[in-house]
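In the UniProt record's numbering, the protein residues as written are 2 to 300. Encoded as structure tokens, the structure appears first; notes follow it.
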Amino acid sequence: SALGDLISADEPTFSFEFFPPRTEAGQRSLLRAIRRIEALTPSFVSVTYGAGGSSRDRTVEVTKRIAAETTLRPVAHLTAVGHSVAELRHIIGQYADAGIRDVLVLRGDPPGSPRGPWTPHPQGFDYAHQLVSLVRGLGDFSVGVAAFPECHPRSPDRDSDIRHFVAKCRAGADYAITQMFFHVEDYLRFRDRVEAAGCETPIIPEIMPATDVRQIRRFSELSDAAFPEDLAHRLEAARQDPGTAHRIGVEYATGMALRLLAEGAPGLHYITLNRSDAAADIHRNVMSSRSSDVLSGHR
Ligand code: FAD
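What follows is the structure, encoded as structure tokens:
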């Protein structure tokens, strides 16, 4: 069935995100992670597109392999940055030829300095909504887009951020996936504002397992996601004890995930960083808590 319908259905979707590795060793750990995630029968998995438009061939190759060699449903991320419209058409054609009909459409950031000035390709696009329209026009694709609960860092204010997000959805998005965030309220406020603007596109929250404090600080600086200080302190204190840090991060993310589902989130999208352990542990916690809720009639 179409991915948009699956995400709009009553049961929440569960999905996992991978990135296309550069090295042989990276390929092997990706394959191991994919096999473990496959056993969890997720609704779909997604494959990112390298920063600055750098990984075209690797993203296409990994996505095609997942489609051909596993039972998983791959969603290919595609960014507009650095590509002409003709190149974008060609990439979309490659997916169509491989029977892949699910694309997560993004604008991307400028190569080198993600916060630097945006310079469009002379024959390319300025904003993600243009690529949404292109993909829509090229065939029977399901299209996802990005959402920023804490406001996109380039947006001058929240009103324009919401307005442009809603316009991007209206250009033909079936669903959105958020940037990582660590406070459930940020997601709820964003969703409520989008709904108040008359937009019902389902918005799937992204779950980042916070088990390594230094890595998380780097990511949340890059994405402007506010990181809870008490969680940072607890992870900092467990720096020499990876087992404890893992447990703290998994517990925090499980709590967020359960609250998000209770608040009506249409699914959960887990970042794996090509390792399966933390994301799989959170997923298993969420599933067992949900099934015990069903047994005890809390639904
Ligand atoms: P847009 O929707 O185009 O928005 C960018 C900015 O322009 C926003 O401030 C918006 O408000 C503004 N804007 C939009 N339309 C207009 C308009 N008409 N007039 C004026 N302003 C406007 N990056 C990668 O390189 N590879 C990936 O695989 C990748 N995957 C991602 C997955 C998710 C779930 C998320 C949340 C992000 C991902 N990114 C990825 C990062 C993304 O490319 C960047 O965050 C990028 O800066 C924004 O992309 P966008 O599609 O939201 O852009």
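Yeah, the Cβ is synthetic: ideal placement off N, Cα and C, and Gly gets one too. Model, not experiment: these values are computed from the prediction.
Every beta strand (DSSP E) stretch that sits fully inside the stretch 65-143 and reaches 3 residues is listed by chain position as 75-80, 103-107.
According to the DSSP assignment, Gly298 belongs to no beta strand (DSSP E), since it is labelled neither H nor E. Counting C-beta pairs closer than 8 Å gives fewer than three between the stretch 225-238 and the stretch 256-266, which falls short of the contact rule.
For Met209, the closest alpha carbon among the candidates Asp242, Gly100, Ser224, Val136 is that of Ser224.
The beta carbon of Ile163 is closer than 7 Å to those of Arg194, Val195, Ala198 in its chain, skipping five residues each way along the sequence. With a cut-off of 7 Å, the C-beta of Arg155 is classified as near ligand 1, since at least one heavy atom of the ligand falls inside that distance. Taking non-hydrogen atoms of ligand 1 into account, the C-beta of Gln180 is found less than 7 Å away from one of them. Measuring C-alpha to C-alpha distances from Pro112 to each of Gly138, Ser56, Pro150, Val104 identifies Ser56 as the nearest. Distance from the C-beta of His130 to the nearest heavy atom of ligand 1 is below 7 Å. Excluding five sequence positions before and after Arg137, the CB atoms of its chain that fall closer than 7 Å to its own CB belong to Val144, Gly173, given in chain order.
In the DSSP assignment, Glu201 falls outside any alpha helix (DSSP H) and carries neither an H nor an E. For Val144, the Cβ stays outside the 7 Å cut-off from all heavy atoms of ligand 1. A distance criterion of 7 Å places the beta-carbon of Glu88 beyond contact range of ligand 1, judged by its closest non-hydrogen atom. In the three-state reduction of the DSSP assignment, Phe182 falls in the coil class.
Using a cutoff of 7 Å, the CB of Thr80 counts as near ligand 1, since one of the ligand's heavy atoms is closer than that.
Separation of Gln216 and Gly54 (C-alpha to C-alpha, rounded to the nearest whole angstrom) is 23 Å. Within the stretch 197-262, there are no complete beta strand (DSSP E) runs of at least 3 residues. Following the DSSP letters along the chain, one finds Ser277 in no beta strand (DSSP E), marked with neither H nor E. In the DSSP assignment, Val46 is bridged to Phe17, Pro75. When C-alpha distances from Leu89 are compared across Asp110, Gln131, Arg66, the shortest belongs to Gln131. The alpha carbon of Leu139 has as its nearest neighbour, out of Ala168, Gln124, Val86, the alpha carbon of Val86. When beta bridges are read from the DSSP output, Ala10 appears opposite no residue. If you check the CB distance, Val61 and Val106 do not come in under 8 Å.
Following the DSSP letters along the chain, one finds His165 inside the alpha helix (DSSP H) bounded by residues 159-171. DSSP, read as helix, strand or coil, puts Gly265 in coil.
Scanning His91, Ala280, Thr80 for the CA closest to the CA of Ala129 turns up Thr80. When the Cα atoms are used, Lys169 and Gln241 turn out to be separated by approximately 44 Å. Cβ neighbours of Thr245 within its own chain (closer than 7 Å, five residues either side excluded): Ala239.
With contacts defined as CB atoms closer than 8 Å, Pro22 and Leu31 qualify as a contacting pair. Proximity of the beta carbon of Ser161 to ligand 1 is indicated: a heavy atom of the ligand is located closer than 7 Å. When the five nearest sequence neighbours on each side are left out, the beta carbons in the same chain lying within less than 8 Å of the beta carbon of Gly27 are those of Asn275, in order along the chain. For Leu32, the enclosing alpha helix (DSSP H) covers residues 25-39.
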